[in-house]
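Numbering (my numbering), first residue to last: 4 to 100. Here is the structure we will look at, set down as structure tokens.
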């Protein structure tokens, strides 16, 4: 597994946009992949209780998207936003609605 620094990841994300892959698509892909991994490894989701701890970092929206998929697939999900961001995040707000 390759690990990159947060600076390297920002550079990779910026390069993805130049290739036509938007930040929203990256977040949606990440959230779906997280949820799919959980579904594959946890067995049936119906009735499974999940708590998502959402921080202020750049992966908070990924977590909320994953939580949404898990809820649609039958899990009972509680998302806890640990601390509001100091600047508005429109994508996070859309995900919460």
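Note that beta-carbon positions come from the ideal geometry of N, C-alpha and C, so glycine has one too.
In terms of residues, what are the limits of the alpha helix (DSSP H) holding residue i?
{"i": "residue 3", "result": "Look at the range of the chain in this structure, 4 to 100, and you will see that residue 3 is not part of it."}
{"i": "residue 71", "result": "63–75"}
{"i": "residue 15", "result": "9–21"}
If you check the beta carbons only, do residue i and residue j fall under 8 Å apart?
{"i": "residue 34", "j": "residue 65", "result": "yes"}
{"i": "residue 74", "j": "residue 80", "result": "yes"}
{"i": "residue 53", "j": "residue 85", "result": "no"}
{"i": "residue 17", "j": "residue 37", "result": "no"}
From the DSSP output, in three-state form, read off residue i for me.
{"i": "residue 56", "result": "strand"}
{"i": "residue 4", "result": "coil"}
Looking at the secondary structure, which residues open and close the beta strand (DSSP E) in which residue i lies?
{"i": "residue 84", "result": "79–84"}
Decide if residue i is buried, meaning its Cβ has at least 16 other Cβ atoms within 10 Å, or exposed.
{"i": "residue 78", "result": "buried"}
{"i": "residue 63", "result": "buried"}
{"i": "residue 24", "result": "exposed"}
{"i": "residue 72", "result": "buried"}
*Are three or more beta carbon pairs between the stretch 40–54 and the stretch 18–29 nearer than 8 Å?*
no
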